[in-house]
Amino acid sequence: MTTHANPFPGGIHPAYHKDLTRGCETVSMPVPKILVIPMSQHLGAPAKVLVKKGDLVKAGQMIAEPGGFISAAVHASSSGKVTAIGPVELPNGSMGEAVTIETDGAHEWEKMEPIQNPFAADPKVLVERVKAAGIVGMGGATFPTHVKLTPPADSPVDWVMLNGAECEPYLTADHRVMLERADRIALGVKLIRHIMGVSKVSIGIEGNKADAIEVLKKAAGDLAEVVELPVKYPQGSEKQLIFAITGRRVPPKKLPSAVGVTVFNVATVVAIADAVIDGMPLVERVVTVTGSGVNKPGNFRVPVGTRVMDLMEFAGGYGDDAEQMILGGPMMGRAAASDNVPIIKGVGGVLVLTAADMKNTDFGVCIRCGRCLRACPNAQNPMLLGQLIEKGLFSRIDEEKLREIVLDDCFECGSCTFVCPNRRPLVQFFQMAKGYYRSQQKRKG
Amino acid sequence: MSILIPILVLTGVGVVAGLALAFFSRVFYVPEDPRVDQLEEALPGANCGACGFAGCRDYAKGLVARNGDVPPCPVGGQSTAEKVAAILGIAVSDVEEKVALVRCAGTRDRAAARGSMVGVRDCAAAALLGGPKSCRFGCMGLGDCGTVCPTKAITVYGGGVAVVDPALCIGCGLCVSKCPIDCIEMVPKGRRVHVLCNSRDPALVTRAACKVGCIACNLCTKKDPSFVVASNVAAFTGTTCDPEFCFACPNDVIVHTDRYEVLAFIESEEARTDYEAEKNEFKEKEKAARAAARPAREPKNAGGQP
Amino acid sequence: MELLLLAINAMLIGNLILSKFLGICPFLGVSRRLSTALGMSMAVLFVMVLASTVTWTLFYTLLRPLHLEYLRTILFILVIASLVQLVEMVMQKLSPALYEALGIYLPLITTNCAILGVAIDSIDKGYDFLHMIVYAFFGAVGFALALLLFAGIRERLETADMPKSFQGAASSLIVAGILSLAFMGFSGLVPG
Chain A
1 MTTHANPFPG GIHPAYHKDL TRGCETVSMP VPKILVIPMS QHLGAPAKVL
51 VKKGDLVKAG QMIAEPGGFI SAAVHASSSG KVTAIGPVEL PNGSMGEAVT
101 IETDGAHEWE KMEPIQNPFA ADPKVLVERV KAAGIVGMGG ATFPTHVKLT
151 PPADSPVDWV MLNGAECEPY LTADHRVMLE RADRIALGVK LIRHIMGVSK
201 VSIGIEGNKA DAIEVLKKAA GDLAEVVELP VKYPQGSEKQ LIFAITGRRV
251 PPKKLPSAVG VTVFNVATVV AIADAVIDGM PLVERVVTVT GSGVNKPGNF
301 RVPVGTRVMD LMEFAGGYGD DAEQMILGGP MMGRAAASDN VPIIKGVGGV
351 LVLTAADMKN TDFGVCIRCG RCLRACPNAQ NPMLLGQLIE KGLFSRIDEE
401 KLREIVLDDC FECGSCTFVC PNRRPLVQFF QMAKGYYRSQ QKRKG
Chain B
446 MSILIPILVL TGVGVVAGLA LAFFSRVFYV PEDPRVDQLE EALPGANCGA
496 CGFAGCRDYA KGLVARNGDV PPCPVGGQST AEKVAAILGI AVSDVEEKVA
546 LVRCAGTRDR AAARGSMVGV RDCAAAALLG GPKSCRFGCM GLGDCGTVCP
596 TKAITVYGGG VAVVDPALCI GCGLCVSKCP IDCIEMVPKG RRVHVLCNSR
646 DPALVTRAAC KVGCIACNLC TKKDPSFVVA SNVAAFTGTT CDPEFCFACP
696 NDVIVHTDRY EVLAFIESEE ARTDYEAEKN EFKEKEKAAR AAARPAREPK
746 NAGGQP
Chain C
752 MELLLLAINA MLIGNLILSK FLGICPFLGV SRRLSTALGM SMAVLFVMVL
802 ASTVTWTLFY TLLRPLHLEY LRTILFILVI ASLVQLVEMV MQKLSPALYE
852 ALGIYLPLIT TNCAILGVAI DSIDKGYDFL HMIVYAFFGA VGFALALLLF
902 AGIRERLETA DMPKSFQGAA SSLIVAGILS LAFMGFSGLV PG
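Those protein sequences? They're chains A, B and C, same order as listed.
Numbering follows the numbering used here, in which position 29 of the first sequence is assigned residue number 29; successive positions increment by one, without gaps.
Numbering follows the numbering used here, in which position 144 of the second sequence is assigned residue number 589; successive positions increment by one, without gaps.
Numbering follows the numbering used here, in which position 68 of the third sequence is assigned residue number 819; successive positions increment by one, without gaps.
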């Protein structure tokens, strides 16, 4: 496999700041007193609550079942008593239903039965297990994994890809997972090969994680090919990763299975192996807590539903000059107004920035330098679209066309905003346009 | 003599053209309802599009095509509806003239802030992250509604809450569709009592977020059945009520516009102190009335015991 | 070859709007949206060919034999105006769809000087029937080209941030001037 000097068109080279936590071994966080477990931790319909207020639950017990075809189950992360079921603030700022559990500290498990000799088992049984374990894509998009494992019959998958690019600056959670759980990843690859019946598996890792490449090469053997990718943001985006490794282009609005590829995050693969071998549902994930506003940056294994404030306390608290908190990476994460939000399956990082990190956010007019055109990985025209949206001229552009560009193509990587010399918040404009169209659709019914 | 030739030619061509036009206008006559023109005349001509049609003429065509079975012109109000009904020869349906009302009194000093906002300063952007206030239903005060208002009737004042000037509002409803959190409502122009809160959160959440939030305590509904509480927020459905009923509200979210303009009620210090004084007075009076009512009950009880 | 040169001349070098400055009214009036500019262009194309044909025939069958060439301006205005009215009526009856698309622009063309200009120009230049048709057709195509270019630029201009005093008509006129300068550049295209 050759990799090109330019793995995909567009993209940027931000300062990575990964040295803060690169060397920090993952530390398991003790179960906090309160767990807030949202029902909507995945793409698709929210899960349906199975417990009542006052119920006693055990760690690993399913507390909500999938609410539709594209949905995922939710499990209790520790044992305790359900104290409330109701709306709470989610990491993306919206409100959603959640089950609040007051933990008892015993952390009593109720795991599923491990599947003996999985490689002789029917793949359907394994997919059912993944579904029962509530596994979703842990790279951030949180697409339910059991749906990905069963591609539609009209677009068979011949190439499976593991995403270890971790192109977001600051974050090192996936890096640590690859270093510390390489054997589990190899096992997971074997399971995926068995479930999906594919022979071609590639693990894409950016060149700035040389140690992970080495470890995985050793662990994977001939199960999978480890591809070293040139460092470039947003390589961790599915479509960009697929193009960088296979040269196949996923058409707009289509899933990767349209070109015969499926991509899993490395952490997701570990979760699949855990669910099948140990019967362990997805109740914890590795989170990088980092940034110059954190006293003790590091990588932590955190129970799903831990409130950010508890995690921050475990990470030594905020620095004196902490100013802004972002859940996720600095490029695609969302600014959080409160630390009273839970860590959910898709949150891989908590980034606390100081005033010194935050650049001036005043923005000026577009000077038509065209840098955003070169940076856009989708070959769109962020400057013109940004101007139209800023002036509220939605009706000016052919509505269908704008929707196609903005809603279906733009995945909000933020490259355009990053390169803009006049600090224009282009990606924020696109998020606004998406919100606008969503509300239009809602009003139409 | 030669002067006659050009005159004849010109007249001839003119007559031919005229005849041709007259002939073709007969042959190719396309009947168009004359009522469309009359209707267009009767409409306000603002071409605001609030009716859902692409301007007044389009609305007139729609009226004729469906024989008046379209929503009434929100701008013209009763007088236009009467004219339209007269032209179409149908019965007048009652239309109320409406004005926009921003249902929030949660100025900066009354509603808690969630965090400081940087970047795009605009309601649509703020709504994506849940808004700058801890109350998710309150006016964010970034003025998207003011930018779409054709008559500049909406202003965001010092307190950070948008207020509609009912004198300028033409009732087109553009602000209602613009507001990302549905904080603006169209209310009948004659309504004198408003509940200035939009919080559909439960009482505890509302109280934590804002000093002037409706907690759906139902005290007002006991005073006057025109108040209704639905999805955790009260609303007034009548036209007017005894101004004293407004003082029943423990969180001061009900305004009677005979006493205070909405703007003054939200923004002005004096109106607030005035209101406090009046409210206290009312409470004293009520207490006295209760005190007066109590001894009246005792003899009744006494009389009941033989 | 000669017809090709004539076409290029009518379309680019002697562009009605940008070098002869005819039809400035619709050029500024209906160039706010690309879609309306397209409708106007199509209507002009249709009427220009038709009007030129009729006026050319009228001139060589009526005015020339009677030595009344000096009457042509007033006569042409009369004829074009009634012709446009006529076309509008026929169109409304026979093809409501086309009427919806072009109808609102037709009354605007009645007094459009570009139509009259082409009619008179093709007589001044002594074109025969074929040359006249080519001249009228490509003159209208040139009109459409200038109008569409201008509408496209104006749509973009609306998104641009500029000082208040330049917004709207001021910047449009500046752009029109620059476009005109650019079209002057075509004058070297055909020798002579």
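Don't be surprised by glycine CBs; every beta carbon is placed ideally from N, CA and C.
(1) In chain C, which residues lie with their C-beta within 7 Å of the C-beta of Val-365/A?
(2) Does any residue of chain B have a CB that is nearer than 7 Å to the CB of Leu-859/C?
(3) Along chain C, which residues have their Cβ under 7 Å away from the Cβ of Gln-387/A?
(4) Going by the C-beta, is Gly-54/A closer than 6 Å to any heavy atom of the ligand NAD?
(5) Is there a Cβ from chain C that is less than 7 Å from the Cβ of Ser-447/B?
(6) Pull up the distance between the alpha-carbon of Ser-938/C and that of Ala-848/C, whole angstroms please.
(7) Is the Cβ of Ala-467/B closer than 7 Å to any Cβ of chain C?
(8) If contacts are defined as beta-carbon pairs under 8 Å, then Tyr-886/C and Leu-757/C qualify, I think. What distance do you get, rounded to the angstrom?
(9) Who does Val-795/C pair with in a DSSP beta bridge?
(10) 7 Å is my cut-off, CB to CB: does Thr-449/A come that close to chain B?
(11) If you draw a straight line from the alpha carbon of Val-341/A to that of Lys-148/A, how long is it in whole angstroms?
(12) Between Tyr-504/B and Cys-617/B, what straight-line distance do the alpha-carbon atoms span, to the nearest angstrom?
(13) DSSP has Gln-324/A in a bridge; who is on the other side?
(14) Which residue or residues does DSSP assign as beta-bridge partners of Val-263/A?
(15) Determine which residues share a DSSP beta bridge with His-701/B and list them.
(16) According to DSSP, is Arg-193/A part of a helix, a strand, or is it coil?
(17) Distance, Cα to Cα, Ala-802/C vs Leu-881/C?
(18) Would you say Ser-671/B reaches chain C, if we count a Cβ-Cβ gap shorter than 7 Å as a contact?
(19) What are the start and end residues of the beta strand (DSSP E) that includes Pro-87/A?
(20) Got a sec? Which residues, its chain only, sit under 7 Å from Lys-246/A by beta carbon, not counting five neighbours each side?
(21) Please list the segments of the alpha helix (DSSP H) lying wholly inside the region 480 to 568 of chain B, counting only runs of 4 or more residues, in order along the chain.
(22) Using beta-carbon positions only, say whether Leu-867/C and Phe-810/C come within less than 7 Å of one another.
(23) For chain B, check one thing: does any of its Cβ atoms lie closer than 7 Å to the Cβ of Val-835/C?
(24) If you measure from the beta carbon of Lys-111/A to each beta carbon in chain C, is any gap under 7 Å?
(25) Contact between the region 328 to 347 of chain A and the region 92 to 108 of chain A is defined here as three or more beta-carbon pairs at a separation below 8 Å; is this criterion met?
(26) What are the boundary residues of the beta strand (DSSP E) that includes Ser-873/C?
(27) Is any beta-carbon of chain B found at less than 7 Å from that of Gln-918/C?
(28) Enumerate in chain order the residues of its own chain whose CB-to-CB distance from Met-331/A is below 6 Å, with the five nearest sequence positions on each side excluded.
(29) Strictly by DSSP, which residues pair up with Met-527/A?
(30) Out of Met-585/B, Pro-670/B and Glu-715/B, point me to the one whose CA is closest to Met-562/B's CA.
(31) Could you pull the start and end residues of the alpha helix (DSSP H) that Glu-228/A belongs to?
(32) Return no unless some Cβ of chain B is closer than 7 Å to the Cβ of Gly-93/A.
(33) Kindly indicate which three-state DSSP category Met-280/A falls into: helix, strand or coil?
(34) Taking Cβ-Cβ distances below 7 Å as the criterion, which residues of the region 467 to 488 of chain B are in contact with chain C?
(35) Within 10 Å of its beta-carbon, does Gln-440/A have 16 or more other beta-carbons around it, so buried, or fewer, so exposed?
(36) Does the beta-carbon of Ser-676/B have 16 or more other beta-carbons within 10 angstroms, so that it is buried, or is it exposed?
This is what the structure holds:
(1) What you label residue 365/A is simply residue 365 of the first sequence in a count that begins at 1. Chain C residues near Val-365/A: Asp-912.
(2) For this step, residue 859/C is matched to residue 108 along the third sequence. Taking Cβ atoms only, chain B never reaches closer than 7 Å to Leu-859/C, which makes this a no.
(3) Looking up residue 387/A in the first sequence gives position 387. Thr-910, listed in chain order.
(4) By its list of ligands, the structure shown contains no ligand whatsoever, and the ligand NAD lies outside what it can speak to.
(5) One-based indexing of the second sequence puts residue 447/B at position 2. No, Ser-447/B lies away from the interface with chain C (no Cβ there is under 7 Å from its Cβ).
(6) Residue numbering aside, residue 938/C sits at position 187 when the third sequence is read from its first letter. Residue numbering aside, residue 848/C sits at position 97 when the third sequence is read from its first letter. C-alpha separation (whole angstroms): 40 Å.
(7) Residue numbering aside, residue 467/B sits at position 22 when the second sequence is read from its first letter. No, Ala-467/B does not count as interfacial toward chain C.
(8) Translated into positions along the third sequence, residue 886/C becomes position 135. Translated into positions along the third sequence, residue 757/C becomes position 6. Indeed they touch by this definition, with Cβ atoms about 6 Å apart.
(9) As a working note, residue 795/C is residue 44 in the third sequence. DSSP, once it has assigned bridges, lists no residue as partnering Val-795/C.
(10) Outside the modelled stretch of chain A, which goes from 1 to 445, sits residue 449/A, for which no answer is possible.
(11) As a position in the first sequence, residue 341/A is number 341, starting the count at 1. As a position in the first sequence, residue 148/A is number 148, starting the count at 1. Each residue's Cα considered, the two are about 28 Å apart.
(12) Your numbering for residue 504/B matches position 59 in the second sequence. Your numbering for residue 617/B matches position 172 in the second sequence. Taking the straight line joining both Cα atoms gives about 14 Å.
(13) Position 324 of the first sequence, counted from the first residue, corresponds to residue 324/A. Looking at the DSSP assignment, Gln-324/A forms a beta bridge with Leu-353/A.
(14) Taking the first sequence and counting its residues from 1, the one referred to as residue 263/A is at position 263. DSSP, once it has assigned bridges, lists Met-161/A as partnering Val-263/A.
(15) Looking up residue 701/B in the second sequence gives position 256. DSSP, once it has assigned bridges, lists Val-638/B as partnering His-701/B.
(16) The count along the first sequence starts at 1 and reaches residue 193/A at position 193. Helix.
(17) Against the third sequence, residue 802/C aligns to sequence position 51. Against the third sequence, residue 881/C aligns to sequence position 130. In a straight line, the C-alpha of Ala-802/C is about 14 Å away from that of Leu-881/C.
(18) In the second sequence, the residue the question calls residue 671/B occupies position 226. No - not a single Cβ of chain C is within 7 Å of the one on Ser-671/B.
(19) Position 87 of the first sequence, counted from the start, is the residue given in the question as residue 87/A. Note, Pro-87/A: beta strand (DSSP E), 80 to 89.
(20) Taking the first sequence and counting its residues from 1, one reaches residue 246/A at position 246. The sequence given here places Thr at residue 246/A; Lys does not occur at that position. Within the same chain, Thr-246/A has close Cβ partners Trp-159 and Val-261.
(21) 501 to 510 and 522 to 533
(22) In the third sequence, the residue the question calls residue 867/C occupies position 116. In the third sequence, the residue the question calls residue 810/C occupies position 59. In this structure, Phe-810/C does not lie closer than 7 Å to Leu-867/C by Cβ.
(23) Translated into positions along the third sequence, residue 835/C becomes position 84. For Val-835/C, the answer is no, since every Cβ of chain B falls outside 7 Å of its Cβ.
(24) Translated into positions along the first sequence, residue 111/A becomes position 111. No, Lys-111/A lies away from the interface with chain C (no Cβ there is under 7 Å from its Cβ).
(25) yes
(26) Position 122 of the third sequence, counting from 1, holds the residue named residue 873/C. Taken as a continuous stretch (DSSP letters only), Ser-873/C belongs to no beta strand (DSSP E), being part of the alpha helix (DSSP H) at 864 to 875.
(27) Stepping through the third sequence from its first residue, residue 918/C is reached at position 167. Chain B contact via Cβ: absent.
(28) One-based indexing of the first sequence puts residue 331/A at position 331. So the qualifying residues of the chain are Glu-168 and Gly-414.
(29) In the structure displayed, chain A extends from 1 to 445; residue 527/A sits before or after that span and is not available.
(30) Taking the second sequence and counting its residues from 1, one reaches residue 562/B at position 117. Minimum Cα distance to Met-562/B is reached at Met-585/B.
(31) For the purposes of this step, residue 228/A is taken as residue 228 along the first sequence, with counting starting at 1. Per DSSP, Glu-228/A belongs to no alpha helix (DSSP H); it is in the beta strand (DSSP E), 225 to 229.
(32) The sequence position of residue 93/A within the first sequence is 93, counting from 1. Gly-93/A counts as touching chain B.
(33) Translated into the one-based positions of the first sequence, residue 280/A becomes position 280. Of the three classes helix, strand and coil, the one that applies to Met-280/A here is coil, per DSSP.
(34) Phe-469, Ser-470, Phe-473 and Val-475
(35) As a position in the first sequence, residue 440/A is number 440, starting the count at 1. The residue is exposed, with fewer than 16 neighbouring Cβ atoms inside 10 Å.
(36) Position 231 of the second sequence, counting from 1, holds the residue named residue 676/B. The residue is exposed, with fewer than 16 neighbouring Cβ atoms inside 10 Å.
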